[in-house]
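So the structure is just underneath, and the comments pick up after that.
Structure representation (structure tokens):
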């Protein structure tokens, strides 16, 4: 079996490309330069086999998702991604698995000019933690707490696809065959909304990424901003593939409001900025949809045909007993 | 069972104290300021239950060690520790365990003015990853690659105590009772050499912390510096507790050279700086010992009674089949 050092050397010494990395992998720590006038934005997310992805998920998909969920946190802050560290716990030394994992990781990292600068390889049940770093011009981070009354509530992309793919994968729902590829891609290879996040620095008052479900994550914005909101279920963007498979509102509602794993952005825009914002995202061909409005009355209300939906679920929580 | 959010709120919202933390726990990412003229130093280490510590290790010891091994990486770079993120995977929600864990973590963090700024709580087999961040004045990081011929090789503290404690804990060696407390403390609560690391910015040419064993870690300095060294086994500092228990050189040699887990520093000092350096560490009451010298002939040689020891072991490696 190769040593820990061999694994790092063989699979994770990816291209050293960034000028702001003085020391990358191979010393006791990385030495990095944050540009003057910028703040460091740092986040860490863990994926555990059998909890955050089914055990049979491919190495390439696991690598992609591990990094994508972290990139999504950068997007939610409006940050430019820069570097990451990787802690990977492996049950064994499967060189084919490691090859696929590192190839997929490197491809996504390269797309965002993101450099792997350190980490740890350990032996145990499969678990991946990534700590990601990015920059923002000082004082421009998109926070959850700055929504205002009358701000418009937006989401990007389409909502509910990942949740639908998951229940199908778990055998709880039978998909039409010709949508399986599309939906599984949404679950396993979510596209982090980094470009939109950067744009939102100039337009959004508050922002979060949708990992735990729209209701729960918008709920965080409302809680931190000490406000409420009404959203309209009909306005929430759904993919054709979702609509083809889910006709019954009773199934659509939990998938869309509480499903999670979409890694789209949910954000608020001041009413006076709305038209300029929509013009710009149209020009850039970024899909966003206004789904409601911030209000002073606390709590989240979601209407369907003008009737309020009872939002039972608080979103997917790893320790929930539900 | 409490939700993921409850666990973070209840146990890990430690005191927010540092001025350079604009956003800590509670948003999609932390927002942090690196002071002008300084570089960011970042490292990540993982501890897996049953691999890096015996399953019966107390929550307080696990928390302490998880953070201490990361602080040790800061020490090895000469960095001032500042912030950390914590990814903790828990098999269940044991509030007593979590209480002890977070209390111990907070105490060590406070000692080094270190702030927890983010992380992730997940469900699965016990595993702790910490990503630590510190600063150094730009260009002053202590690297492995800058040792020079005739530099003196030093180690701090005493070597071999943690390895002895581990073999005793594993039932492979019978300790004298009155040394068990001392040795277990060395294994479970190693003292990161942060103060020494800061001092070494002005004196050391190369530096590493001893996590994998003196031979392996000094070996990294030699490999990166493309040089060799001779060290003298008699000069390696051993504790009285070690000497009381280990009389046979055949046991002492592997424990001291390959044992690992001591988290002392191994570093090189230019010959002309040696006397000033030793004067200063004496004044500061920091224990260091010169154990040998860097040479142009590659490889590590260790002499005992003028006879070269055969250094079989390459240090503790997690994937080693030995």
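Residue numbers (the working numbering), protein chains in the order written: chain U, 51 to 372; chain W, 51 to 372.
Idealized CB from N, CA, C, for every residue including glycine.
### Message
Only counting the same chain, and skipping five residues up and downstream in sequence, which positions put a Cβ closer than 7 Å to that of residue 199/U?
### Response
Residue mapping note: residue 199/U aligns to position 149 of the first chain, counting from 1. These residues qualify, in order along the chain: 277, 344, 345, 346.
### Task
Determine which residues of the segment 144-178 of chain U have a Cβ less than 8 Å from any Cβ of chain W, and write them out in chain order.
Here the close residues are 167, 168, 169, 170, 171, 172, 173, 174, 175, 177.
#### Entry: Stretch-stretch touch, CB-based, cutoff 8 Å, three pairs: the segment 73-88 of chain U with the segment 83-99 of chain W
The answer is yes - the segment 83-99 of chain W touches the segment 73-88 of chain U, with three or more Cβ pairs under 8 Å.
### Task
For residue 222/U, go through chain W and note every residue whose CB falls closer than 8 Å to its CB, in chain order.
Counted from its first residue, the first chain places residue 222/U at position 172. The premise fails here: residue 222/U is roughly 20 Å from chain W at the closest Cβ pair, so nothing lies under 8 Å.
### Interface partners of residue 250/U on chain W, CB under 8 Å
The residue given as residue 250/U occupies position 200 in the first chain. Against chain W, a Cβ distance below 8 Å from residue 250/U picks out nothing, because the smallest value is about 12 Å.
### Task
Using only alpha-carbon positions, find the residue among 262/W, 274/W, 236/W, 266/W that is nearest to residue 256/W.
Stepping through the second chain from its first residue, residue 256/W is reached at position 206. Relative to residue 256/W, the option among 262/W, 274/W, 236/W, 266/W whose CA is nearest is 274/W.
### Message
Using only the alpha-carbon positions, how far apart do residue 258/U and residue 360/U sit?
### Response
As a first step, residue 258/U must be located in the first chain, where it is residue number 208. As a first step, residue 360/U must be located in the first chain, where it is residue number 310. C-alpha separation (whole angstroms): 23 Å.
#### Entry: Residues that DSSP places opposite residue 94/U in a beta bridge
Numbered from 1 along the first chain, position 44 holds the residue referred to as residue 94/U. Beta-bridge pairing by DSSP links residue 94/U to 181/U.
### Message
For residue 207/W and residue 337/W, which I take to be in contact (beta-carbon distance under 8 Å), what is that distance rounded to the nearest angstrom?
### Response
Counting from 1 along the second chain, the entry for residue 207/W is found at position 157. Counting from 1 along the second chain, the entry for residue 337/W is found at position 287. That belief holds up - the Cβ atoms of residue 207/W and residue 337/W are roughly 6 Å apart, short of 8 Å.
### Query
From 110/U, 261/U, 328/U, 215/U, pick the residue whose C-alpha is nearest to that of residue 289/U; which is it?
Counting from 1 along the first chain, the entry for residue 289/U is found at position 239. Residue 289/U has its Cα closest to that of 215/U, out of 110/U, 261/U, 328/U, 215/U.
### Query
Taking the alpha helix (DSSP H) that residue 331/W falls in, what are its first and last residues?
Here residue 331/W is taken as the residue at index 281 of the second chain, counted from 1. From DSSP, the alpha helix (DSSP H) with residue 331/W extends over 324-333.
### Query
So, using beta-carbon positions, are residue 315/W and residue 125/W closer together than 8 Å?
Locating residue 315/W in the second chain gives position 265, where the first residue counts as 1. Locating residue 125/W in the second chain gives position 75, where the first residue counts as 1. Result yes, Cβ atoms of residue 315/W and residue 125/W sit closer than 8 Å.
#### Entry: residue 67/U, enclosing alpha helix (DSSP H) - first and last residue
In the first chain, the residue the question calls residue 67/U occupies position 17. No alpha helix (DSSP H) holds residue 67/U; DSSP gives it neither H nor E.
### Query
Hey, residue 168/U and residue 141/U are a contact pair by Cβ (cut 8 Å); roughly how many whole angstroms apart?
Mapped onto the first chain, residue 168/U falls at position 118. Mapped onto the first chain, residue 141/U falls at position 91. Separation of the CB atoms of residue 168/U and residue 141/U is rounded to 22 Å, and the pair is thereby denied contact status at 8 Å.
### Task
Evaluate residue 218/W with the Cβ neighbour count: other Cβ atoms within 10 Å of its Cβ, from every protein chain shown; 16 or more gives buried, anything less gives exposed.
The count along the second chain starts at 1 and reaches residue 218/W at position 168. The residue is buried, with at least 16 neighbouring Cβ atoms inside 10 Å.
#### Entry: residue 352/W beta carbon less than 8 Å from that of residue 204/W
Against the second chain, residue 204/W aligns to sequence position 154. Against the second chain, residue 352/W aligns to sequence position 302. No, these two residues do not count as a Cβ contact at 8 Å.
### Neighbouring residues, chain U, relative to residue 258/W (Cβ below 7 Å)
What you label residue 258/W is simply residue 208 of the second chain in a count that begins at 1. Residues of chain U passing the Cβ test: 78.
### Query
Is there at least one Cβ from chain W nearer than 8 Å to residue 363/U's Cβ?
As a first step, residue 363/U must be located in the first chain, where it is residue number 313. A caution first: residue 363/U carries a pLDDT of 48, below 50, which makes its placement in the model unreliable, though a value can still be read off. No, its Cβ sits nowhere closer than 8 Å to a Cβ of chain W.
### Query
Beta-carbon of residue 181/W versus every beta-carbon of chain U: anything under 8 Å?
Your numbering for residue 181/W matches position 131 in the second chain. Closer than 8 Å to some Cβ of chain U, the Cβ of residue 181/W qualifies, so yes.
### Message
Can you check which of these residues, 245/W, 210/W, 131/W, is closest to residue 234/W by C-alpha distance?
### Response
Translated into the one-based positions of the second chain, residue 234/W becomes position 184. Here the closest residue by C-alpha is 210/W.
### Closer than 8 Å to chain W by CB, residue 194/U
The count along the first chain starts at 1 and reaches residue 194/U at position 144. Any Cβ of chain W closer than 8 Å to the Cβ of residue 194/U would place that residue at the interface, and such an atom is present.
#### Entry: chain U contacts from the segment 89-113 of chain W (Cβ-Cβ distance under 9 Å)
The residues in question are 89, 90, 91, 92, 93, 94, 95, 96, 97, 98, 99, 100, 101, 102.
#### Entry: Of the listed residues 320/W, 305/W, 172/W, 116/W, nearest to residue 240/W (C-alpha basis)
Translated into the one-based positions of the second chain, residue 240/W becomes position 190. Comparing Cα-Cα distances from residue 240/W to each of 320/W, 305/W, 172/W, 116/W, the minimum goes to 116/W.
### Query
Beta-carbon of residue 83/W versus every beta-carbon of chain U: anything under 8 Å?
In the second chain, the residue the question calls residue 83/W occupies position 33. Put simply, the CB of residue 83/W is near chain U, with a gap under 8 Å to one of its CB atoms.
### Query
alpha helix (DSSP H) containing residue 134/W: first to last residue?
Reading the second chain from its first residue, position 84 is the one you call residue 134/W. According to the DSSP assignment, residue 134/W belongs to no alpha helix (DSSP H) but to the beta strand (DSSP E) extending over 130-140.
### Task
For residue 259/W, name the three-state secondary structure that DSSP assigns.
Here the question's residue 259/W lines up with position 209 in the second chain. For residue 259/W, the secondary structure class from DSSP, reduced to helix, strand or coil, is strand.
### Query
Which whole-angstrom value describes the C-beta separation of residue 192/U and residue 250/U, a residue pair presumed to lie in contact below a C-beta threshold of 8 Å?
Residue 192/U sits at position 142 when you count from the first residue of the first chain. Residue 250/U sits at position 200 when you count from the first residue of the first chain. Taking 8 Å as the upper bound for CB-CB distance, residue 192/U and residue 250/U are in contact here, some 6 Å apart.
### Message
What does the Cβ neighbour count give for residue 300/W, buried or exposed, with the cut at 16 atoms within 10 Å?
### Response
The residue labelled residue 300/W in the question sits at position 250 within the second chain. Result: exposed.
### Task
Excluding the 5 residues preceding and the 5 following residue 120/U in the sequence, name in chain order all residues of the same chain whose CB lies nearer than 7 Å to its CB.
To locate residue 120/U, count along the first chain from 1; it is residue 70. Cβ neighbours of residue 120/U beyond the five flanking positions: 93, 95, 134, 180, 182.
### Query
If residue 113/U and residue 62/U are in contact, beta carbons under 8 Å, what's the gap, nearest whole angstrom?
Translated into positions along the first chain, residue 113/U becomes position 63. Translated into positions along the first chain, residue 62/U becomes position 12. Not confirmed; about 11 Å, so no contact.
### Task
With a 10 Å radius around its C-beta and 16 neighbouring C-beta atoms as the bar for buried, classify residue 194/U as buried or exposed.
Against the first chain, residue 194/U aligns to sequence position 144. Looking at its Cβ environment, which holds 16 or more other Cβ atoms inside 10 Å, residue 194/U is buried.
### Query
Which value, in whole angstroms, describes the spacing of the CA atoms of residue 178/W and residue 148/W?
For the purposes of this step, residue 178/W is identified with residue 128 of the second chain, where counting begins at 1. For the purposes of this step, residue 148/W is identified with residue 98 of the second chain, where counting begins at 1. Taken atom to atom, the span from the alpha-carbon of residue 178/W to that of residue 148/W is near 13 Å.
### Task
Mark residue 231/W as exposed unless 16 or more other C-beta atoms lie within 10 angstroms of its C-beta, in which case mark it buried.
In the second chain, the residue the question calls residue 231/W occupies position 181. Residue 231/W comes out exposed.
### Message
Could you tell me the alpha carbon to alpha carbon distance between residue 109/U and residue 144/U, rounded to whole angstroms?
### Response
Position 59 of the first chain, counted from the start, is the residue given in the question as residue 109/U. Position 94 of the first chain, counted from the start, is the residue given in the question as residue 144/U. Their backbone Cα atoms lie some 11 Å apart in a straight line.
### Task
Say whether chain U places a C-beta atom closer than 8 Å to the C-beta of residue 73/W.
Looking up residue 73/W in the second chain gives position 23. Among the CB atoms of chain U, one or more fall inside 8 Å of the CB of residue 73/W.
### Message
Using C-beta distances below 7 Å, list every residue in its chain close to residue 190/U, excluding the 5 sequence neighbours before and after it, in chain order.
### Response
For the purposes of this step, residue 190/U is taken as the residue at position 140 of the first chain. Within the same chain, residue 190/U has close Cβ partners 128, 251.
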